[in-house]
Amino acid sequence: MPLDAITLHALTLELKAAEGARIDRVQQPEKDKILLSLRTREGNRRVLISAAASGARVHFTAESFENPAEPPMFCMLLRKHLIGAHIRKIEQPDWERMLLIRLDTRDEMGDESEKTLAVELIGRSANVILVGADGRIIDCLRRMEYGGEGRGVLPGMIYRLPPKQEKLHFLSCSAEKLRYAIDAMEEGTELDKALMQSFSGLSPLICRELAYRSRNSKDLLEKNALSLRETVEADDFSPMLVSLDDTAKDFSFLSINQYGTAGKNERFDSFSELLDSFYARRDRAESRRRRSRELMKTVKTAYERTVRKLSVQKEELAQTENREEIRRQAEL
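Take any residue in the sequence shown, note its place counting from 1, add 685, and you have its number in our numbering.
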């Protein structure tokens, strides 16, 4: 259930409402979550930024969060630089899974200064990075040494965008290149896997949905892929929570039909409301599973303890089976 580039684009359109807002508060309720309280022309709003590997996202939120007694160091640094700042622009560079929040701030001398909060939402590499006017990293949620990508994320380094995948981008490549890539797919191959191998910008869920709707026909796949691009270019999105057997399974920007009658699409008024609901349901389900595991562990421990006690008692009973005969012989 990763946040794909298209859903992030839809969220970016919603977050445009925060442009011009003033940042009043910065909180870090969990190690990988940042909460920005904003004062906008329409009233107060909050933006949740999550860099959790299993739920990286950024959106308006109405959920409540419990904050630690002592704010983490990164939170204190963000407060120093962001409180009082105004959000000038929110942009998604090149359809990638990241946002750049451009900020107008003032430095310690009171002079105007531009900063950028880079929100990278790429799986385990998800990060929140504060960048100064000189393009250098002030600090980040996760510090990373140089890796296989040849990119480090450390204070003082020049900030560079994450490297792009060496694939055609589904949304930015030409229609001719898209048709050619689909035509080049080997006959008999699973279309969802072929889509994942050929294009960036699509989540596994959307690849499966395109394949399902195309019924293993490359001609239909080409038609459906071009239709999807037209939908995205028109910003014609439907915030959908996808349930499978009454359990929140995924979310999307269009109806998902691949699960047949077992699946259900629930439409929301906004993507922010959709993500609030999806992750709240997921967290409640995980909490129930955790309590169930803990209960089963308690029952198993009690059962094993009872079995051991019973075994000891049986041994003691066996040792006393001839006690009357032994006592009689002793008396004689």
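Using N, Cα and C, we set each Cβ at its ideal position, and we do this for glycine too. Small disclaimer: the values here were computed from a predicted structure and weren't measured.
Please say whether LEU767 and VAL711 have beta carbons closer to each other than 8 Å?
yes
Within the same chain, show all residues whose beta-carbon is closer than 7 Å to that of CYS760, passing over the 5 residues directly before and after it, in chain order.
VAL711, GLN712 and GLN713
Looking at ARG893 and ASP877, is the spacing between their C-beta atoms short of 8 Å?
yes
Name the two residues that bound the continuous alpha helix (DSSP H) containing VAL917.
903-918
Would LEU640 pass as a contact of ARG731 if the rule is Cβ separation under 8 Å?
Beyond the ends of the chain as shown, which are 686 and 1017, falls residue 640; an answer cannot be given.
Go ahead and label ASP689 buried or exposed: buried means 16 or more other beta carbons lie within 10 angstroms of its beta carbon, across all protein chains shown.
buried
Using three-state DSSP, classify ASP789 as helix, strand or coil.
strand
DSSP three-state assignment for ILE768, whether helix, strand or coil
coil
On the DSSP bridge assignment, give the partners of MET829 in chain order.
VAL838
Cα-Cα separation, GLU699 to ILE941:
22 Å
Relative to the alpha-carbon of PHE855, which residue among PRO848, SER888 and GLU875 has its alpha-carbon at the smallest distance?
SER888
Is PRO714 helix, strand or coil by DSSP?
strand
DSSP state of ALA738, grouped into three classes?
coil
For ASP717, does the count of other Cβ atoms within 10 angstroms reach 16, so buried, or fall short, so exposed?
buried
Mapping DSSP to helix, strand and coil, what is ASP877?
helix
Beta-carbon spacing of LEU643, SER883 below 8 Å
Residue coverage of the chain in this structure runs from 686 to 1017, which leaves residue 643 outside it and unanswerable.
Cβ-Cβ separation, GLU797 to ARG787 (assumed contact under 8 Å), whole Å
That pair is no contact at about 13 Å.
Mind checking ARG993: buried by the 16 CB within 10 Å criterion, or exposed?
exposed
Could you check whether HIS771 and GLY728 sit closer than 8 Å to each other, using their CB atoms as the reference points?
no
In this structure, does DSSP put GLY886 in helix, strand or coil?
coil
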